[in-house]
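First residue of the sequence shown: 0, per numbering that gives the first Met the number 0; consecutive thereafter.
Built from N, CA and C at the ideal position, the CB exists for glycine as well.
In this text the structure is predicted, and so the values were computed from the model without any measurement.
Step one of this worksheet: look at the structure below.
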Amino acid sequence: MPPQRTSGRPNDSRNLTEAQKGAIKVFKKVEKACAEALLDLLLNNLLTKVYATCISPPRAKSKNRPATSSKRSGL
């Protein structure tokens, strides 16, 4: 009879040595740090693009006014 597995997952912590458990903890911390660093980089790039873009309200449409012949003084 083949030996029974306690779980379908190969990473079942009951079957791991202390060194393997420690390595998994370190790997998870490194993985989390890398994900946070990537997120920081992506957010920084996005903010750079936002600040580089001039965001302003749309300009008012110019009205078609008839030309006047009177001149303003002092301009």
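Enclosing alpha helix (DSSP H) for residue i [first to last residue]
i, result
"Ile24", "The question names Ile, but residue 24 is Lys in the sequence shown. Glu17 to Ala51 is the span of the alpha helix (DSSP H), which, as asked, contains Lys24."
Close-in-space but distant-in-sequence residues of the same chain around residue i (CB under 8 Å, 5 per side omitted)
i, result
"Ala18", "none"
Contact set for residue i: own chain, Cβ-Cβ below 7 Å, skip 5 residues either direction
i, result
"Lys60", "none"
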